[in-house]
Amino acid sequence: MSVLPVLRRIVLLLAVPVLLVAAWWAATANSTDFFWPPLSDILGTFDDTWFHGRITSDVLPSLARLLAGYSLALLLGVGLGTAIGSARVLRALLEPSLEFFRAIPSPVLVPILMLFAGIGNGMKVLVIVSGCVWPVLLNTVEGVRALDEVLRDTARCYRMRPHSRFVHLVLRGASPQIAAGARQALSIGIILMVISEMFAASNGLGFTIIQFQRSFSVPQMWTGIILLGLIGIALSVVFQTVEARVLSWYTGLRRSQREG
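So for the sequence shown, full-length UniProt numbering puts the first residue at 1; every next one is plus one.
Okay, here's the thing in structure tokens:
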């Protein structure tokens, strides 16, 4: 593999972030604004703020809630979406209700979920599930609905077992749209993770950032926002790696179609 394409890809990936950081650094270099401190001061407090206990007390609990809520949303979204997408009558019956509940912003549900689930980890996980499930569910429905009828008839003619049909035909055929919904759900999950921790919490990234804001620890507050961005980038890279392996057959098919 040639080194030049790899270097070009790295330059393209890093060019905009480096320019943004340089612009931020230059714009705030001589800042005396209390709420807009120099980037050098913010980065100088990063180590003391997060790497002396808060990684285990705040960051890891937040990521654990995100993982639990996101995983549950994937299971519910794919399971229900497959059932709804496979049954025309069920889809027609539930579509108005699905559109209604999808239109409700998930942060609005936080006070309601607090009444039923309390203020513990269960409430925070449910908030994440309530927002992440919809893109997965609706994309799964559309993916299953769009499966080629010829493939369905072929599976029936060969009398494929229900399990094999579900795994090799339904899930495989709908997997590109499921992945698109899962990508949307991941960004929503990060947002809801922070919002859920701003209500009656005792730890987590959202709780800590709010505490910094209330105590006027502005550089520390900015470090929390930067850390959230870095976590988002890391999770996106992990998702893209998994997606590339799972959908390698699909990308190969698209490439062959373009070249043909």
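Note that CB positions come from ideal geometry on N, CA and C, so glycine has one too.
All figures in this text were calculated on a predicted structure; none of them were measured in a lab.
With 16 other Cβ atoms within 10 Å as the buried cut-off, status of residue i
i, result
"P162", "exposed"
"S256", "exposed"
"Y143", "Here the sequence assigns Gly to residue 143, which means Tyr is not the residue at that position. Flag for G143 reads buried."
"V18", "exposed"
"A128", "First, the residue type needs correcting, since residue 128 is Ile and not Ala in the sequence shown. Buried, since its Cβ has 16 or more Cβ neighbours within 10 Å."
"G69", "buried"
"I225", "exposed"
"A73", "buried"
"V237", "exposed"
"V141", "buried"
"I178", "buried"
"V16", "exposed"
"residue 290", "Residue 290 is absent from the structure shown; the chain starts at 1 and stops at 260."
"L113", "buried"
Close-in-space but distant-in-sequence residues of the same chain around residue i (CB under 8 Å, 5 per side omitted)
i, result
"Q220", "T45, T49, F212"
"I233", "none"
"W222", "P37, I42"
"A155", "R165, L169"
"I97", "The question names Ile, but residue 97 is Ser in the sequence shown. Hits under 8 Å: none found."
"A117", "M123, L126"
"L94", "I84"
"L151", "L169, G173"
Neighbourhood of residue i by C-beta, 7 Å cutoff - its chain only, sequence neighbours within 5 removed
i, result
"I210", "M198"
"M1", "Model confidence at M1 stands at a pLDDT of 48, short of 50, so the residue's coordinates are unreliable and nothing is read from them."
Supposed contact pair residue j and residue i - C-beta distance, whole angstroms, cut 8 Å
i, j, result
"V125", "R65", "6 Å"
"P38", "A29", "6 Å"
"P107", "N203", "Incorrect: roughly 20 Å between the Cβ atoms, too far for contact."
"L247", "P135", "No, L247 and P135 are not in contact; Cβ-Cβ is about 17 Å, not under 8 Å."
"S215", "M123", "25 Å between Cβ atoms; not a contact."
"L205", "L228", "6 Å"
Spatially closest choice to residue i from the options, by CA coordinates
i, options, result
"S57", "V242, F239, A201, Y250", "A201"
"L80", "R102, V133, P111", "V133"
"G173", "L230, S86, N121", "S86"
"S40", "A22, G189, N121", "A22"
"L230", "R214, I195, S215, S187", "S187"
"N121", "A180, S31, L67", "L67"
"E243", "V110, L228, G181", "G181"
"V59", "Y250, S217, V194, V237", "V194"
"F35", "Y250, E259, W249, S217", "S217"
"residue 273", "F101, E149, L138", "In this structure the chain extends from 1 to 260, so residue 273 is not present and cannot be described."
"L171", "F239, L75, R88, G252", "L75"
"L147", "L115, E99, M160, T82", "T82"
"S71", "G252, F239, R254, I104", "F239"
Residues of its chain near residue i, where Cβ-Cβ distance is below 6 Å and the 5 sequence neighbours each way are ignored
i, result
"L90", "I84"
"F207", "E197, A201"
"I190", "G232"
"R183", "none"
"L109", "S130"
"R102", "W134"
"S31", "P38"
The ligand GDP heavy atom lying under 6 Å from the CB of residue i
i, result
"T251", "This structure lacks the ligand GDP, and indeed carries no ligand of any kind."
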